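**Q** Chains S and L supply the protein sequences, listed in that same order. Oh and the first sequence: position 12 is 12 in our numbering, straight run, nothing missing. Oh and the second sequence: position 115 is 302 in our numbering, straight run, nothing missing. For every residue, glycine included, the Cβ atom is placed at its ideal position computed from N, Cα and C. Keep in mind the model is a prediction, meaning the values are calculated, not measured.
2 protein chains.
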Amino acid sequence: MDKKAKVLDAALKLFVEFGFHNTPTSKIAKEAGISSGTLFYFFPTKDELVVALYLDIKSKLGCEITESISQETSFKEILKKYYTTTLDWAKEHRDEFKFMEQFNSSPYLKKIAEDEIQKYVKPLKELLQNAIDEGVLKNMDLEILFTLISGHTFSINQYLIISEPQESKREQIISETFDLLWQMISA
Amino acid sequence: MDKKAKVLDAALKLFVEFGFHNTPTSKIAKEAGISSGTLFYFFPTKDELVVALYLDIKSKLGCEITESISQETSFKEILKKYYTTTLDWAKEHRDEFKFMEQFNSSPYLKKIAEDEIQKYVKPLKELLQNAIDEGVLKNMDLEILFTLISGHTFSINQYLIISEPQESKREQIISETFDLLWQMISA
DNA sequence: TCATAAACTGACTAATCAGTCAGTAAAGGT
DNA sequence: ACCTTTACTGACTGATTAGTCAGTTTATGA
C-alpha cells in the first residue's frame with residue numbers, strides 16, 4: 001500500500017470521527033505513519049486532500065455499480081441491482097458513506113465542478129430517461145425521478161445503518177423497500 | 188431584537204456560508220454587532236452556540252408544523268399538511284435548513300441527547316402508528332415508514348431548492364410528489 | 001438617590017495548526 | 001560509479017482563534 005493511499009485512509013477515518021476542521025494535518029500524517037511534511041508532498045493543501053478523498057470514494061463506488069449492473073438485462077433488474085449494490089457498498093464502507101454525506105452538505109461541495117459530479121450521475125439518468133421513453137416508468141420530470149430514487153436509497157441506507165438488522169432481515173427490508181420504490185415510479 | 192437572537196442570526200448566516208470551523212467567533216460577534224467577549228457571555232463555548240442554534244431552529248420548525256396540522260382532520264390531510272408545511276418552511280428558511288442538514292451529518296450530532304431529537308419526531312410517529320392500526324397505511328415497520336416519509340420530503344426539498352420553480356409549478360410538484368408518496372405508503 | 005446586579009467591552013494570551021524549507025534518503029537511468 | 005530526480009523528513013513559523021478577565025456601562029429595585 002503506497003503512502004498516498006495511506007494518507008487518504010487515515011484522513012477518512014479521522015474526518016468521520018472528528019470532522020474536517022477538527023482533524024489537523026499533523027494527526028493525519030501520524031495516523032498514516034508519515035512525517036507531517038510528506039502529506040503536503042502529496043496534497044499541496046488540506047482542502048485538496050479533502051476534495052481528492054471525496055473524488056476517490058465517488059469513483060470507487062461508481063466503478064462498483066457500473067460493474068455490477070452490467071450483468072443485468074431488464075430495466076427493473078438493473079435498477080434493483082443499482083439499489084442493492086449501493087446499499088451493500090454502504091454497509092461495507094460505512095466511513096466512506098458517512099464522509100460523502102458530510103461532504104455533500106458542507107461548503108466544500110462548491111469546490112467541485114458541476115460536471116465532475118454529473119459524471120457519476122449521468123449513466124443512471126440515461127437509463128431512467130430510456131425507461132420513461134419506453135413506458136416502463138411513469139412519465140415524470142427526469143430530475144424529480146432521479147431525486148426520488150436517490151432520496152429513497154439514501155434514507156433506507158440510513159435506516160439500515162442505524163437498525164443493524166440480521167442478514168436475512170436485511171435482505172427482506174431491501175427487497176420490500178425496492179418494491180415500494182418500484183410501485184411509486186413504475187407506469 | 189435582543190443580542191442573543193442577533194448572535195444566533197449571525198452565526199446561522201456565517202455557518203452556512205463558511206462552515207462551523209471556518210467561522211471564527213470574532214466574526215460572528217462582529218456580524219451581530221457586539222464585542223467578541225459578549226458572545227461568551229451568552230454562550231460559554233462555541234460548541235454550545237452551535238448546539239443552541241440547532242435546537243432553536245428545530246423547535247421553531249416543530250412549532251410551525253404542530254400549529255399548521257392542528258386544523259386538519261383526516262390522516263391524509265394531516266400528512267399532506269405536514270409535507271407542505273415542511274417544504275414551505277424550508278423555502279422561507281433556506282439557511283436554517285441548510286444548517287440543519289450540515290449539523291445532522293456532522294460529528295456535532297452526537298452532542299445532543301437522543302431524547303432531545305425524539306421530542307420533535309414523536310408526534311409524527313404516533314400519528315403514523317395510528318394510521319397503520321386503522322388500516323389507512325400499509326402495515327410496515329414504523330421506523331421504515333418514518334424513514335421513507337422523511338427521506339421523500341428531504342429529497343423533494345433538495346430538488347425544489349435547486350430547480351427554483353415558479354410558484355404554480357412548485358405547487359404542482361408538491362401536490363404530485365405527495366400523491367406519489369401516498370401511493371407508496373397507503374394501504 | 002444610590003447600591004447592586006446584570007449586561008457588555010475589547011485588549012490580551014496560550015494554544016493550535018497549515019504550510020514551508022533546508023536538507024536527507026532512495027530509486028533509476030546511463 | 002555517478003548523477004539526477006523523486007520521495008520523504010521534521011523542526012520551524014506566521015497567522016489565527018477560542019476563551020479570559022479586569023473593568024465599564026446600563027438596568028433595576030428599594
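1) Under 9 Å between beta-carbons, which chain S residues line up against Glu204(L)? List them in chain order, please.
2) Mind reading off the beta-carbon distance from Ile265(L) to Leu314(L)? Whole number of angstroms is fine, and I expect it under 8 Å.
3) So, are the CB atoms of Gly19(S) and Pro294(L) less than 7 Å apart?
4) Taking only the alpha-carbon atoms, compute the straight-line gap between Asp88(S) and Asp328(L) and give it to the nearest angstrom.
5) Under 7 Å between C-beta atoms, does Phe270(L) make it to chain S?
6) Express the C-alpha separation of Asp234(L) and Thr273(L) in angstroms, rounding to a whole number.
7) Going along the chain, which unbroken runs of the alpha helix (DSSP H) with 4 or more residues stay wholly within the stretch 256–314 of chain L?
8) So with Cβ pairs under 7 Å, would you call Gln305(L) a contact of chain S?
9) What residues of chain L sit near Glu143(S), judged by a beta carbon separation below 7 Å?
10) Quick one: list the residues of chain L neighbouring Asn22(S), beta-carbon separation under 8 Å, in chain order.
11) Quick one: give me the first and last residue of the alpha helix (DSSP H) that Glu216(S) is part of.
12) Could you check the C-alpha separation between Thr364(L) and Ser68(S) for me, to the nearest Å?
13) Kindly indicate the opening and closing residues of the alpha helix (DSSP H) around Ser26(S).
14) If you count every other CB in all the chains shown that lies within 10 Å of the CB of Ala275(S), and 16 or more means buried, which is it?
15) Which of the three DSSP states is assigned to Ser342(L) in this structure?
16) Which same chain residues end up closer than 8 Å to Leu200(L) when comparing Cβ atoms and leaving out the 5 residues on each side of it in sequence?
17) Check whether chain S comes within 7 Å of Ser342(L), counting only Cβ atoms and requiring the distance to be less than that.
18) Are three or more beta carbon pairs between the stretch 146–165 of chain S and the stretch 342–352 of chain L nearer than 8 Å?
19) Determine the direct distance from the alpha carbon of Val51(S) to that of Ser35(S), and round the result to whole angstroms.
**A** Walking through what the data contain:
1) One-based indexing of the second sequence puts residue 204(L) at position 17. By Cβ distance, chain S contributes Pro107.
2) Within the second sequence, residue 265(L) is the residue found at index 78, counting from 1. Within the second sequence, residue 314(L) is the residue found at index 127, counting from 1. Rounded, the Cβ-Cβ distance is 6 Å, consistent with contact.
3) Taking the first residue of the first sequence as position 1, residue 19(S) is located at position 19. Taking the first residue of the second sequence as position 1, residue 294(L) is located at position 107. In this structure, Pro294(L) lies closer than 7 Å to Gly19(S) by Cβ.
4) Numbered from 1 along the first sequence, position 88 holds the residue referred to as residue 88(S). Numbered from 1 along the second sequence, position 141 holds the residue referred to as residue 328(L). Rounded to whole angstroms, Asp88(S) to Asp328(L) spans 21 Å at the Cα level.
5) Indexing the second sequence from 1 puts residue 270(L) at position 83. First, the amino acid is wrong: residue 270(L) is Tyr here, not Phe. Judged by the 7 Å Cβ criterion, Tyr270(L) is not in contact with chain S.
6) The residue labelled residue 273(L) in the question sits at position 86 within the second sequence. The residue labelled residue 234(L) in the question sits at position 47 within the second sequence. Between Thr273(L) and Asp234(L), the C-alpha separation is close to 27 Å.
7) 262–279 and 281–291
8) Position 118 of the second sequence, counting from 1, holds the residue named residue 305(L). Not one chain S Cβ lies under 7 Å of Gln305(L).
9) Position 143 of the first sequence, counted from the start, is the residue given in the question as residue 143(S). Here the neighbours are Tyr346 and Ser350.
10) The residue given as residue 22(S) occupies position 22 in the first sequence. In chain order: His208 and Pro294.
11) There is no way to answer for residue 216(S), as the model of chain S reaches only from 1 to 187.
12) Translated into positions along the second sequence, residue 364(L) becomes position 177. Translated into positions along the first sequence, residue 68(S) becomes position 68. Those two C-alpha atoms are separated by around 30 Å.
13) Within the first sequence, residue 26(S) is the residue found at index 26, counting from 1. Counting along the chain, the alpha helix (DSSP H) containing Ser26(S) begins and ends at Thr25 to Ala32.
14) Since the first residue of chain S shown is 1 and the last is 187, residue 275(S) is not available in this structure.
15) Working through the second sequence from its first residue, we reach residue 342(L) at position 155. Correct three-state label for Ser342(L): helix.
16) Along the second sequence, read from residue 1 onward, the residue named residue 200(L) stands at position 13. Here residue 200(L) is Lys; the residue named in the question, Leu, does not match the sequence. So the qualifying residues of the chain are Glu218 and Asp282.
17) Taking the first residue of the second sequence as 1, we reach residue 342(L) at position 155. Yes, Ser342(L) lies at the interface with chain S (some Cβ there is under 7 Å from its Cβ).
18) yes
19) Start at 1 with the first residue of the first sequence, and residue 35(S) comes out as number 35. Start at 1 with the first residue of the first sequence, and residue 51(S) comes out as number 51. Their Cα atoms are separated by approximately 21 Å.
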